[in-house]
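Undergrad: Listed in order, the protein sequences are those of chains A and B.
Residues 232 to 577 (our numbering) make up the first sequence, in order.
Residues 232 to 577 (our numbering) make up the second sequence, in order.
Backbone N, C-alpha and C fix where the C-beta goes; we use that ideal spot for every residue, glycine too.
Number of protein chains: 2
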Amino acid sequence: MAAARPRQLDIAKLAGVSQTTVSLALNGKTADYGINPETEQKIMDAARELGYVPNVTARALRGGRNRLIGVHAFEPLFPTGRESYYEEILVGIEQGAVRAGHDLVLFTSIHQHTGQANIFHEGRNRLRIADGAIILGFEQHDDELVRLADEGYRFVFVGRRERAATLGPYVSAEYAAAVRDVMSRVHALGHREVAYLGLRDRAEPRLERREGFRAGAAELGMAVVAETWAGAGEVEASWIRQVMDGGATVLLVESTGVLEEVAERVDELGVDIPGDLSVVGLDSITDPSAASHDWTHLLVPRREMGARAVELLLDVLDGRQEPTHHERLNCTFRPGGTLGAPAPGV
Amino acid sequence: MAAARPRQLDIAKLAGVSQTTVSLALNGKTADYGINPETEQKIMDAARELGYVPNVTARALRGGRNRLIGVHAFEPLFPTGRESYYEEILVGIEQGAVRAGHDLVLFTSIHQHTGQANIFHEGRNRLRIADGAIILGFEQHDDELVRLADEGYRFVFVGRRERAATLGPYVSAEYAAAVRDVMSRVHALGHREVAYLGLRDRAEPRLERREGFRAGAAELGMAVVAETWAGAGEVEASWIRQVMDGGATVLLVESTGVLEEVAERVDELGVDIPGDLSVVGLDSITDPSAASHDWTHLLVPRREMGARAVELLLDVLDGRQEPTHHERLNCTFRPGGTLGAPAPGV
DNA sequence: TCAACAATCTAATTCAAATTAGTAAGGCGA
DNA sequence: TCGCCTTACTAATTTGAATTAGATTGTTGA
Numbered sequence: 232m233a234a235a236r237p238r239q240l241d242i243a244k245l246a247g248v249s250q251t252t253v254s255l256a257l258n259g260k261t262a263d264y265g266i267n268p269e270t271e272q273k274i275m276d277a278a279r280e281l282g283y284v285p286n287v288t289a290r291a292l293r294g295g296r297n298r299l300i301g302v303h304a305f306e307p308l309f310p311t312g313r314e315s316y317y318e319e320i321l322v323g324i325e326q327g328a329v330r331a332g333h334d335l336v337l338f339t340s341i342h343q344h345t346g347q348a349n350i351f352h353e354g355r356n357r358l359r360i361a362d363g364a365i366i367l368g369f370e371q372h373d374d375e376l377v378r379l380a381d382e383g384y385r386f387v388f389v390g391r392r393e394r395a396a397t398l399g400p401y402v403s404a405e406y407a408a409a410v411r412d413v414m415s416r417v418h419a420l421g422h423r424e425v426a427y428l429g430l431r432d433r434a435e436p437r438l439e440r441r442e443g444f445r446a447g448a449a450e451l452g453m454a455v456v457a458e459t460w461a462g463a464g465e466v467e468a469s470w471i472r473q474v475m476d477g478g479a480t481v482l483l484v485e486s487t488g489v490l491e492e493v494a495e496r497v498d499e500l501g502v503d504i505p506g507d508l509s510v511v512g513l514d515s516i517t518d519p520s521a522a523s524h525d526w527t528h529l530l531v532p533r534r535e536m537g538a539r540a541v542e543l544l545l546d547v548l549d550g551r552q553e554p555t556h557h558e559r560l561n562c563t564f565r566p567g568g569t570l571g572a573p574a575p576g577v
Numbered sequence: 232m233a234a235a236r237p238r239q240l241d242i243a244k245l246a247g248v249s250q251t252t253v254s255l256a257l258n259g260k261t262a263d264y265g266i267n268p269e270t271e272q273k274i275m276d277a278a279r280e281l282g283y284v285p286n287v288t289a290r291a292l293r294g295g296r297n298r299l300i301g302v303h304a305f306e307p308l309f310p311t312g313r314e315s316y317y318e319e320i321l322v323g324i325e326q327g328a329v330r331a332g333h334d335l336v337l338f339t340s341i342h343q344h345t346g347q348a349n350i351f352h353e354g355r356n357r358l359r360i361a362d363g364a365i366i367l368g369f370e371q372h373d374d375e376l377v378r379l380a381d382e383g384y385r386f387v388f389v390g391r392r393e394r395a396a397t398l399g400p401y402v403s404a405e406y407a408a409a410v411r412d413v414m415s416r417v418h419a420l421g422h423r424e425v426a427y428l429g430l431r432d433r434a435e436p437r438l439e440r441r442e443g444f445r446a447g448a449a450e451l452g453m454a455v456v457a458e459t460w461a462g463a464g465e466v467e468a469s470w471i472r473q474v475m476d477g478g479a480t481v482l483l484v485e486s487t488g489v490l491e492e493v494a495e496r497v498d499e500l501g502v503d504i505p506g507d508l509s510v511v512g513l514d515s516i517t518d519p520s521a522a523s524h525d526w527t528h529l530l531v532p533r534r535e536m537g538a539r540a541v542e543l544l545l546d547v548l549d550g551r552q553e554p555t556h557h558e559r560l561n562c563t564f565r566p567g568g569t570l571g572a573p574a575p576g577v
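#1: Given G568 of chain B, which residues of its chain have a CB within under 6 Å of its CB, disregarding the five upstream and five downstream residues?
#2: Please name the residue or residues paired with L299 of chain A in a DSSP beta bridge.
#3: Cβ closer than 7 Å: which chain B residues qualify as neighbours of T288 of chain A?
#4: Could you name the residues of the same chain whose beta carbon sits closer than 7 Å to that of G282 of chain A, not counting the 5 residues immediately before and after it, in chain order?
#5: Would you decide whether L292 of chain A is buried or exposed? Buried here means 16 or more other CB atoms lie within 10 Å of its CB.
#6: How would you call Y384 of chain B, buried or exposed, if buried means at least 16 neighbouring beta carbons within 10 angstroms?
#7: Is Y406 of chain A helix, strand or coil by DSSP?
#8: Contact check, A328 of chain B vs V541 of chain B under 8 Å by CB: the rounded distance?
#9: Could you say which of B:V425, B:A426 and B:G368 lies nearest to Y401 of chain B if we only look at CA atoms?
#10: Along the stretch 510-533 of chain A, where does the CB come closer than 9 Å to a CB of chain B? Name the residues.
#11: Which value, in whole angstroms, describes the spacing of the CA atoms of E492 of chain B and E319 of chain B?
#12: Taking 8 Å as the threshold, find out whether the stretch 477-489 of chain A comes into contact with the stretch 512-520 of chain A through three or more Cβ pairs.
#13: Just how far apart, CA to CA, sit A407 of chain A and G447 of chain A?
#14: Does DSSP put I454 of chain B in a helix, a strand or coil?
#15: How would you call S403 of chain A, buried or exposed, if buried means at least 16 neighbouring beta carbons within 10 angstroms?
#16: Need the endpoints of the alpha helix (DSSP H) that T261 of chain B sits in, please.
#17: Within a Cβ cutoff of 6 Å, which residues of the same chain sit near T563 of chain A, ignoring the five residues on either side of it in sequence?
#18: Which residues mark the beginning and the end of the alpha helix (DSSP H) in which G537 of chain A is found?
#19: Go to S254 of chain B, then tell me how far its alpha helix (DSSP H) extends in each direction, as first and last residue.
#20: What is the DSSP secondary structure of A277 of chain B, counted as helix, strand or coil?
#21: So, under 8 Å CB-CB, I231 of chain B and D362 of chain B are touching, yes? Tell me the CB distance rounded to an integer number of Å.
#22: Hey, which unbroken runs of the beta strand (DSSP E) at 3 residues or more fall wholly within the stretch 443-506 of chain A?
#23: Do L430 of chain A and A461 of chain A have their beta-carbon atoms positioned less than 9 Å apart in this structure?
#24: Could you list which residues in chain B have their beta carbon closer than 7 Å to that of L240 of chain A, in chain order?
#25: Nearest chain A C-beta to P400 of chain B closer than 9 Å, yes or no?
#26: If you measure beta-carbon to beta-carbon, which residues of the stretch 554-568 of chain A are closer than 7 Å to chain B?
#27: Starting from T487 of chain B, find everything on chain A with Cβ-Cβ shorter than 8 Å and list it in chain order.
#28: By the criterion of Cβ-Cβ separation under 8 Å, what are the contact partners of T339 of chain B in chain A?
#29: Classify Q326 of chain B as buried or exposed, calling it buried when 16 or more other Cβ atoms lie within 10 Å of its own Cβ.
#30: Do we get a CB-CB distance below 9 Å when we pair L545 of chain B with the residues of chain A?
#31: Assuming V510 of chain A is part of the beta strand (DSSP E), what are its boundary residues?
#32: If you measure between the beta carbons of V253 of chain A and Q239 of chain A, is that distance less than 9 Å?
Structure below.
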């Protein structure tokens, strides 16, 4: 049991050379240092014979880097409910890490005891374990992030940019332009009166969508019949009735969860989509097979955002990119069956 | 900007002591070595002031602990499809890690280039960065695991036990007993003729279920009308018809995916569940709201398995548990609406 | 008053690999 | 035959933390 792992020194003894020479040979630097090809061969043979495997830890210690990328969220990463906001982003981060040959560290320890996660829990910054980190989540802990940045720690944000812009690089989606694009498609089909149903929260991605909506309505000369906020379980049939009575022929819905609630209420009213009312979702649909309709909606490139965040972090760490760089990825319009021309009678 | 990471030596200088003393103070060994409480306080203050965090790499090199738990799978952890086998287990692992105050390292780097993941890929064993690892997945890489174990590396398996038993501790579910329990419930309701629909693969958890099924049938004197294997998309209505004609009044289905296919075929046949045929699932249902029926089925405690694996790993690392220990968690029977008494006419 | 001892702390070493600064041996020109 | 340059290597150092083996100072009992 527990046969000691062979070290470079063991190879050196077997080949009758020094540890230095072994290191040089194994790293292909024989030419630079004029190592005899025969010696090199002896070393390689000895290494193979002993089943040598470099010790990552020693290598990392010397090199100053771990090849560890931290992933930090202020909430648990794998929530118990379905429809994890992070899920797709995590898939992207994993793919990015695979490509870059790095491992991921999920900072779970800091969630301990308190429901809240503090980076500087007990006065230590665990994030430092990793070479740099990707920060997810909407919750605001700006003071901690400022301190992190002050300490020279490198990180990249995904999905938000409020304070991020002043603190470090970020990757997010171009929500405003995407929604403006939706508006012009809607306009092109003949719609002139539109309603908007958003979430009650004021997270940046939502605010930007609203910005795009208003800008689009203004530019295209469309009338905003209603702009209303609802939480989960709060969509009311009477509101939809009212909006339609008000002349709206199309409804933009910010969140996918609310979208399904809208479908239920519309069903209750006996209204036809898109015959009586067109409905467009402004977010990705994680599981289209579970959706009630073939929704017309936007695709937010969450997976690409995750993958790009990894690349960006490594670029910053390697000095290939200044730490103020940011990137915005485009959303795609997915045509479905819930956007049509407005009913001619209206 | 980019202030170099503080080392113990920096703390030592600030506090006016040696690096040794700093190390002792930070590791709570002041009592053993008679360090003055005032000195200790000075050191702690200096450490906080500098924002000191131990260097994982140096510690790992020395053989120390890092409060890092590795998670290794031979396949990507976050698969692109829905219905991730790992998902629930990962949730459990995360919860376990949170409770234990440890962080998780997801070993993604080894998936690089080759679709296959080798621990000793490119001659480096990254696992050593973590204190120990939890190993998931069905794929067989026994030679690598044997080597890891020989090197004294500690790990715990989740969900399998074939070779695991000889290599280290494992946590898995008690499938056979659970299925036997299902059989006795079915028997108690009056069923005497039963059919079994399994997956085509021969993974351990499936083999155990079949074992439990056969043992139950034998003990209870029930007739096995059919025992058939199907892959995704291979369930045929004719098979169900045939099985029912053969007298089967209840069908046990190994996998949740196949369960839904069975529902579709049964619908096509105009057969009533459970009036004409009772159906029992032998696996968890991740998203009951997306299920076509209120299935009667087994709950595999995947989340507990993950959480328990973390505890077990730490027990082994701390020497509280011998490294041959294993644990089997019970599955729960979830009564639903798809198991009833057999039709009296039969 | 001196050895013994406790109380406090430190120098030196270790872990495995990478790198810097040399060294030894041989050849060649002047 | 002295000095200089190659060729082909090696000794020593570095990385950050933990540990082993001391070292220093002061106190106390005989």
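TA: In short:
#1: For the purposes of this step, residue 568 of chain B is identified with residue 337 of the second sequence, where counting begins at 1. Once the five neighbours on either side are set aside, the close Cβ partners of G568 of chain B are D525.
#2: One-based indexing of the first sequence puts residue 299 of chain A at position 68. DSSP lists A:D334 as partners of L299 of chain A.
#3: Your numbering for residue 288 of chain A matches position 57 in the first sequence. T288, A291, L292, R359 and I360, listed in chain order.
#4: Reading the first sequence from its first residue, position 51 is the one you call residue 282 of chain A. Within the same chain, G282 of chain A has close Cβ partners P237.
#5: Taking the first sequence and counting its residues from 1, one reaches residue 292 of chain A at position 61. It is buried - the Cβ of L292 of chain A has at least 16 other Cβ atoms within 10 Å.
#6: Here residue 384 of chain B refers to the residue found at position 153 when the second sequence is read from its first residue. That one is buried.
#7: The sequence position of residue 406 of chain A within the first sequence is 175, counting from 1. Of the three classes helix, strand and coil, the one that applies to Y406 of chain A here is helix, per DSSP.
#8: The sequence position of residue 328 of chain B within the second sequence is 97, counting from 1. The sequence position of residue 541 of chain B within the second sequence is 310, counting from 1. A328 of chain B to V541 of chain B, Cβ: 6 Å. Contact.
#9: If you number the second sequence from 1, residue 401 of chain B lands on position 170. Y401 of chain B has its Cα closest to that of B:G368, out of B:V425, B:A426 and B:G368.
#10: T517, D518, S520 and A521
#11: Along the second sequence, read from residue 1 onward, the residue named residue 492 of chain B stands at position 261. Along the second sequence, read from residue 1 onward, the residue named residue 319 of chain B stands at position 88. Between E492 of chain B and E319 of chain B, the C-alpha separation is close to 22 Å.
#12: yes
#13: By one-based count along the first sequence, residue 407 of chain A stands at place 176. By one-based count along the first sequence, residue 447 of chain A stands at place 216. Each residue's Cα considered, the two are about 9 Å apart.
#14: Numbered from 1 along the second sequence, position 223 holds the residue referred to as residue 454 of chain B. A quick correction: the sequence has Ala, not Ile, at residue 454 of chain B. It is a strand residue.
#15: Taking the first sequence and counting its residues from 1, one reaches residue 403 of chain A at position 172. So S403 of chain A counts as buried.
#16: In the second sequence, the residue the question calls residue 261 of chain B occupies position 30. T261 to Y264 is the extent of the alpha helix (DSSP H) around T261 of chain B.
#17: Start at 1 with the first residue of the first sequence, and residue 563 of chain A comes out as number 332. Excluding residues within five positions, the ones whose Cβ falls inside 6 Å are L530.
#18: Here residue 537 of chain A refers to the residue found at position 306 of the first sequence. Per DSSP, G537 of chain A belongs to the alpha helix (DSSP H) from R533 to L548.
#19: Locating residue 254 of chain B in the second sequence gives position 23, counting from the first residue. Looking at the DSSP string, the run of the alpha helix (DSSP H) that includes S254 of chain B is Q250 to L257.
#20: Your numbering for residue 277 of chain B matches position 46 in the second sequence. The answer is helix: DSSP assigns A277 of chain B an H, G or I state.
#21: Since the first residue of chain B shown is 232 and the last is 577, residue 231 of chain B is not available in this structure.
#22: 454-461 and 481-484
#23: As a first step, residue 461 of chain A must be located in the first sequence, where it is residue number 230. As a first step, residue 430 of chain A must be located in the first sequence, where it is residue number 199. Contact flag set, yes.
#24: Position 9 of the first sequence, counted from the start, is the residue given in the question as residue 240 of chain A. Within 7 Å Cβ-Cβ: nothing; L240 of chain A doesn't reach chain B, min ~15 Å.
#25: Numbered from 1 along the second sequence, position 169 holds the residue referred to as residue 400 of chain B. Taking CB atoms only, P400 of chain B has no neighbour in chain A less than 9 Å away.
#26: none
#27: The count along the second sequence starts at 1 and reaches residue 487 of chain B at position 256. Simply none; closest approach about 14 Å.
#28: In the second sequence, residue 339 of chain B corresponds to position 108, counting from 1. Correct list: E325, A328, V329, H333, D334 and L335.
#29: One-based indexing of the second sequence puts residue 326 of chain B at position 95. Burial is judged here by how many other beta carbons sit within 10 angstroms of a residue's own beta carbon; Q326 of chain B has at least 16 and is buried.
#30: For the purposes of this step, residue 545 of chain B is taken as the residue at position 314 of the second sequence. L545 of chain B does not count as touching chain A.
#31: Counting from one through the first sequence, the residue named residue 510 of chain A turns up at place 279. S509 to G512 is the extent of the beta strand (DSSP E) around V510 of chain A.
#32: As a first step, residue 253 of chain A must be located in the first sequence, where it is residue number 22. As a first step, residue 239 of chain A must be located in the first sequence, where it is residue number 8. A contact, by the Cβ cut-off of 9 Å.
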